[in-house]
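I have placed the structure first, in the form of structure tokens, so that the comments after it can refer back to it.
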Amino acid sequence: MLIRNNFPLYGEYDVIVAGGGTAGFTAAVTAAKSGAKTLVIEEQAFLGGMATGGMISQFMGFSQGEKREDLKGVFAELLERLIAKNACPGVETIYLAGIKEMDVGAAPYDSETLKCVMDEMVKEAGAHVLFHTRVMGVEVENNEITSLLIHNSQGVQSVQAKVYIDATFHGSIASEAGCKWKIGDEKGVLQPGTLMYKMVNVDGGRYNTLTSADKARIAQKGIKEGALFVNTLLARPLPNNVFYSNMSRIYADPFDVPAWSRSEADARAQVQKISRFFIENVPGFEKAVMVSTGSYLGLRDSRRIIGQYTLTAQDVMDGTEFDDAIAKSCYPVDIHDANGYGSTLIKPKTGAFYVPFRCMITTIKNMVLAGRSISTDCEAHACVRVMVTCMRIGAAAGLAAAESIRQNIAVNELDGSILLKKQLL
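Taking the numbering used here, I'd label the letters of the sequence shown as residues 1051 to 1475.
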């Protein structure tokens, strides 16, 4: 909603980051390290979003052949800290859906350790954090945000900044500020969501003897019995020998909250079926125990804000290069079937694609987008939405915010090409 009333002022900042997920985290750390007085507003009691509360447990979105020693910036520091705590083995190669041609870089990690590492890095950078706080309104004058309305246990307050970074999953700040947006494919169909879960007491040696054909055969049995919802077995080990799984598939529309609420419960019921099937049918899982599920359903679709440029599937496939590119990735188009058990996976023709800064800015003068809500079409979004790419977009947002303040210009007028010299591709 747009604010048209006066509320107590919580504080004034150079940069406010709405949303403390992976993109919001890197945005905040980067802005604060660049000298901006920075505030992060997060609804949960921790940073990381789907990386922590959602228990995704695996960073993806690396450039082709990118290794630990190639990394720079906030994400490199994050990964090194996880490795030092024995919570991540580094970057390895996995095969999406078990397909040899779909090899991508991945870095599995312990999500509980990640919460603490993010806390440490934000504190050391000097950024302020408000947990348990929700942005409930935006005040806009002449295409410029003048304040946000927030709510927590202390009541309703307003908060102000020179630059606002929308790192919310749903692009909520941009939407409330009046930006146009799209969701789903050309027919409005959304990808299914997934509730991640973890199991212990798995005999990884036995499980690893299964071939792709074995996994497909077992999965077909599970699908026939109504116990599985994906056409392969997606269970992988973490550094602490806990196995995490990405096996549930549930339709969830984030803009139909009653239905979304039912989907959360349905997802938990799915996970009970899936984990029981694994115990009874998958070698190595005979003595396994499910110990946790994500705090919430992981959604693959929400708002895609329409910005100054929309990254397209053609851009991704052709590896279109931009003078204001701020991120590079080789992650394929990855669209999960809304009505079936598989996925559409298509690699970029050149092996890599680029994200330009102009996808992160809109008609709102002092706002920059960060994370999966940037301006893309449906297919390009299916490449951009993974966490390494989102963190690099977040870092670019934080840098752009601080740089626009330094130059005393609107962030949506910033020459994005200058970020290329400072931002890791």
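Glycine included, every Cβ here is placed at the ideal spot set by N, Cα and C. Since we're looking at a predicted model, the values are computed, not measured.
Counted within 10 angstroms of its Cβ, other Cβ atoms place Asn1462 as buried (16 or more) or exposed
buried
Do Pro1398 and Cys1380 have their CB atoms nearer than 8 Å?
yes
By the three-class DSSP mapping on this structure, what secondary structure does Glu1062 have?
strand
Among Ile1376, Tyr1404, Ser1298, which has the Cα closest to the Cα of Ile1106?
Ser1298
If you run the structure through DSSP and keep just helix, strand and coil, what is Ile1106?
coil
What are the start and end residues of the alpha helix (DSSP H) that includes Asp1467?
Position check: residue 1467 holds Ser in this sequence, whereas Asp was assumed. Its alpha helix (DSSP H) spans residues 1467-1470.
For Val1252 and Pro1158, what's the separation of their Cα atoms in angstroms?
17 Å
Buried or exposed for Gly1069, going by 16 or more other Cβ atoms inside 10 Å?
buried
Does the separation of the CB atoms of Gly1421 and Ile1443 fall below 8 Å?
yes
Where the alpha helix (DSSP H) containing Leu1132 begins and where it ends
1123-1134
Answer yes or no: do Thr1022 and Cys1229 have a C-beta to C-beta separation smaller than 8 Å?
In the structure displayed, the chain extends from 1051 to 1475; residue 1022 sits before or after that span and is not available.
Within 8 Å, strictly: CB atoms of Ala1101 and Thr1088:
no
Would the beta-carbon of Ala1451 fall within 8 Å of that of Ala1086?
yes
Measure how close the beta-carbons of Asn1296 and Tyr1391 come, nearest whole angstrom, since I'm counting them as under 8 Å.
Contact doesn't hold; Cβ gap of about 13 Å is too wide.
By Cβ distance, which residues of its chain are closer than 6 Å to Leu1059, with the 5 residues on each side in sequence left out?
Ser1208
Measuring straight from C-alpha to C-alpha, what distance separates Lys1378 and Ala1402?
7 Å
Using the Cβ count rule (16 or more neighbours within 10 Å means buried), how would you classify Pro1242?
buried
Could you give the residue range of the alpha helix (DSSP H) that holds Ala1078?
1072-1083
7 Å Cβ shell around Leu1474 - same chain, five flanking residues per side excluded:
Bear in mind that a pLDDT of 45 at Leu1474, under 50, signals an unreliable position, so the model cannot answer this.
Is the segment 1321-1336 in contact with the segment 1133-1147, if contact means three or more CB pairs nearer than 8 Å?
no
Go through the segment 1411-1436 residue by residue and report every complete run of the alpha helix (DSSP H) that reaches 4 residues or more, in order.
1428-1434
Beta-carbon gap between Phe1372 and Tyr1404 smaller than 8 Å
yes
Among Lys1117, Glu1189, Ile1233, the one whose alpha carbon lies nearest that of Ile1356:
Ile1233
Do Phe1125 and Gln1156 have their beta-carbon atoms positioned less than 8 Å apart in this structure?
For the sequence presented, residue 1156 should be read as Ala rather than Gln. Their beta carbons are not under 8 Å apart, which means Ala1156 does not touch Phe1125 by this criterion.
Taking the C-alpha atoms as reference points, what is the distance between Thr1261 and Arg1267?
10 Å
Below-8 Å beta-carbon distance, Lys1274 vs any chain C residue:
Considering every chain present, this structure includes no chain C. It has just one protein chain.
Tell me whether Glu1162 is buried or exposed, calling it buried when 16 or more other Cβ atoms sit within 10 Å of its Cβ.
exposed
In whole angstroms, what separates the C-alpha of Asp1153 from that of Tyr1063?
43 Å
Per DSSP, the bridge partner or partners of Ile1195
Val1190
Nearest to Gln1364 by CA position, among Phe1407, Ala1175, Thr1439, Glu1429, is which residue?
Glu1429
On the three-pair Cβ rule with 8 Å, is the segment 1265-1279 touching the segment 1327-1338?
yes
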